[in-house]
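Since the structure comes first, as structure tokens, the remarks are kept for the end.
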Amino acid sequence: MRVLVIGSGGREHALLLGLAADPSVTELFAAPGNAGTEAIAASHPVDIASGEAVAALARKLDVDLVVIGPEVPLVLGVADALRDAGIATFGPGAAAAQIEGSKAFAKEVMAAAGVRTAHAEVVDNPANLDAALDRFGPTWVVKDDGLAAGKGVVVTTDRAKARDHAAECLESGHPVLLESFLDGPEVSLFCLVDGETVVPLIPAQDHKRVGNGDTGPNTGGMGAYTPLPWLPDETVAQIVEEIVKPVAAELVARGTPFNGLLYAGLAIGADGPAVVEFNARFGDPETQAVLALLKSPLGQALYATATGALADLPPLEWDEGAAVTVVLAAENYPARPRTGDVITGSEGEGIRHAGTARNSDGQVVSAGGRVLAVVGTGPDLAAAREQAYSRLAGVKLPGGHYRDDIGQAALEGRITV
Ligand code: GLY
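According to full-length UniProt numbering, the residues represented by the sequence shown are 1 to 417, in order.
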């Protein structure tokens, strides 16, 4: 099977490595890829926002499957263009991808599906903002309605900060959602979804704030670990039955079935799991940890999903033990990351490239905010953490920073449901 992966992040590097380990995958291509993916997949520059361009590339490469990594092409309908061209595609069409593209749409689907989520109000007129803020908080949760690369959400006990973020979104023409704060530890549960068929992967936890101890601004994610020793065994099945399946069925009922990876971001509160957000693609950096433990052939799972045969896929198998991924970010990330710094040690074990490129001398340089992620695995969380951090010690990036507490609260038994 010849597979083209669209995107250039750590998630796509992890997907490509997973696909490369599947004996049924004979050739891999990345568009556009990064300095790390080029070792396993030929890189092809393409405008990933253009369905026409991606379909033309897929035809030229004569691929059997296209896997779309990031949300932007999904929301823009690149999967629709590929399917219209008769190419098997992993990733939802534009209509179903609105579950991530519009927070207001996601709320409407959840209400129709009877799924537990935070109470929310949409504000689209600055004149209504102050009264709406008074009906929420503290704590205030303010979300940009549209896509914002993980940086559209502000969670704060400071009303002025909440107001500033909401006003900024409104000024740039985006409605905002104000939400009640959901208490409880967060879980990222990725599910392969093909219409009403849902197959969960193992649950992970992201670390969204930039600093140790969950301090500083939100980011796209600074590290993750899997599985979650504190999560009761039955909770994944509960999330699938009470949340993911009803949402998948609602999208089918609307005539816009979801096909691809539905990512449920949840808070596990006293009353059970509730949805914080849905995403229409694999999460980053959780994917780097989750796929490190997948034993089943990834290509066959993605192909079965893409071709409507997920119900026939044998149960997924997983390695025992744990995986931890730690993101190395560029100086000034998430505000205005500096790029162009030479990175050394980035060819080491367990490295998943994200914001990397090659300079004219062929050196690997930083080219984005989250530069790379390092994955460690082991028989338990402590061993996986140790391996991730010892691998990270071999990577040097001027001004680079990372959290040194990924998975630590779980390890110390400080997370309870
Ligand atoms: N890890 C958060 C995200 O992928 O959106």
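Heads up, the beta-carbon is just placed ideally off N, CA and C, and yes, glycines get one too.
DSSP bridge partner residues for residue i (one or two, in chain order)
{"i": "residue 419", "result": "The chain is shown from 1 up to 417; residue 419 falls before or after that span and cannot be answered."}
{"i": "LEU328", "result": "LEU372"}
{"i": "GLN205", "result": "TYR225"}
{"i": "TRP318", "result": "LEU294"}
{"i": "CYS191", "result": "PRO200 and LEU262"}
{"i": "ILE243", "result": "Bridge partners of ILE243: none, in fact."}
{"i": "ASP144", "result": "VAL176"}
{"i": "ASN212", "result": "For ASN212, which the question treats as bridged, DSSP gives no partner whatsoever."}
{"i": "ASN218", "result": "ARG209"}
{"i": "VAL153", "result": "LYS143"}
{"i": "HIS401", "result": "ALA329"}
{"i": "GLY269", "result": "GLY272"}
{"i": "ILE406", "result": "Answer by DSSP bridge pairing: none, since ILE406 is not bridged."}
{"i": "ALA323", "result": "THR226 and THR377"}
Spatial neighbours of residue i in its chain, beta-carbon cut-off 6 Å, leaving aside the 5 residues before and after
{"i": "LEU129", "result": "VAL123 and ALA166"}
{"i": "GLY9", "result": "ASP284 and ALA354"}
{"i": "HIS13", "result": "GLY36, THR37, ARG352 and HIS353"}
{"i": "GLY216", "result": "ARG209 and VAL210"}
{"i": "PHE136", "result": "LEU178"}
{"i": "ALA42", "result": "PHE29"}
{"i": "PRO379", "result": "GLY321"}
{"i": "ASP206", "result": "SER188, GLY221, ALA224 and GLU286"}
{"i": "LEU392", "result": "VAL326 and VAL374"}
{"i": "ASN105", "result": "The question names Asn, but residue 105 in the sequence shown is Phe. Correct list, in chain order: GLN98."}
{"i": "VAL417", "result": "ILE268"}
{"i": "ASN34", "result": "SER8, HIS353 and THR356"}
Simplified DSSP state of residue i, which is helix, strand or coil
{"i": "VAL115", "result": "coil"}
{"i": "PHE258", "result": "coil"}
{"i": "VAL417", "result": "coil"}
{"i": "ARG83", "result": "helix"}
{"i": "ARG159", "result": "helix"}
{"i": "PHE282", "result": "coil"}
{"i": "SER366", "result": "strand"}
{"i": "ARG352", "result": "strand"}
{"i": "ALA42", "result": "strand"}
{"i": "THR339", "result": "coil"}
{"i": "LEU182", "result": "coil"}
{"i": "PRO126", "result": "helix"}
{"i": "VAL63", "result": "coil"}
{"i": "ALA309", "result": "coil"}
{"i": "GLU277", "result": "strand"}
{"i": "PRO73", "result": "helix"}
{"i": "ALA382", "result": "helix"}
{"i": "GLU121", "result": "strand"}
{"i": "GLY299", "result": "helix"}
{"i": "ARG358", "result": "strand"}
{"i": "PHE90", "result": "strand"}
{"i": "GLY137", "result": "coil"}
{"i": "GLY18", "result": "helix"}
{"i": "GLY7", "result": "strand"}
8 Å contact criterion, which residue i and residue j should meet: CB distance rounded
{"i": "GLY355", "j": "ALA330", "result": "7 Å"}
{"i": "SER296", "j": "GLU320", "result": "Rounded, the Cβ-Cβ distance is 14 Å, inconsistent with contact."}
{"i": "ALA264", "j": "LEU177", "result": "The Cβ separation is near 17 Å, so there is no contact."}
{"i": "LEU189", "j": "VAL199", "result": "Wrong, their Cβ atoms sit about 11 Å apart, outside the cutoff."}
{"i": "ILE40", "j": "LEU17", "result": "7 Å"}
{"i": "ILE243", "j": "VAL275", "result": "6 Å"}
{"i": "ALA79", "j": "GLY91", "result": "4 Å"}
{"i": "LEU266", "j": "PRO273", "result": "5 Å"}
{"i": "GLY260", "j": "ALA280", "result": "7 Å"}
{"i": "LEU313", "j": "ALA304", "result": "4 Å"}
{"i": "ASP405", "j": "ASN212", "result": "5 Å"}
{"i": "VAL3", "j": "VAL25", "result": "6 Å"}
{"i": "LYS143", "j": "GLY152", "result": "6 Å"}
Contacts around residue i, its chain only, beta-carbon distance under 8 Å, and the 5 residues preceding and following it disregarded
{"i": "LEU381", "result": "TYR225, PRO229, ALA322, VAL324, GLY407, ALA410 and LEU411"}
{"i": "ASP341", "result": "ALA330, GLU331, VAL365, SER366, LEU397, PRO398, GLY399 and GLY400"}
{"i": "VAL395", "result": "LEU328, ILE343, THR344, GLY345, SER346, GLY348, ILE351, LEU372 and VAL374"}
{"i": "VAL72", "result": "ILE48, ALA49 and LEU147"}
{"i": "residue 418", "result": "The requested residue 418 is not part of the displayed model; the chain covers only 1 to 417."}
{"i": "THR139", "result": "VAL155, THR156, THR157 and PHE181"}
{"i": "PRO45", "result": "ALA31 and PRO32"}
{"i": "ARG163", "result": "LEU129, ASP130 and LEU133"}
{"i": "LYS245", "result": "GLU196 and VAL198"}
{"i": "VAL75", "result": "ALA94, ALA97, GLN98, GLU100, GLY101, LEU147 and ALA280"}
Contact set for residue i: own chain, Cβ-Cβ below 7 Å, skip 5 residues either direction
{"i": "GLY369", "result": "ALA329, ALA330, TYR333, PRO334, PRO337 and GLY355"}
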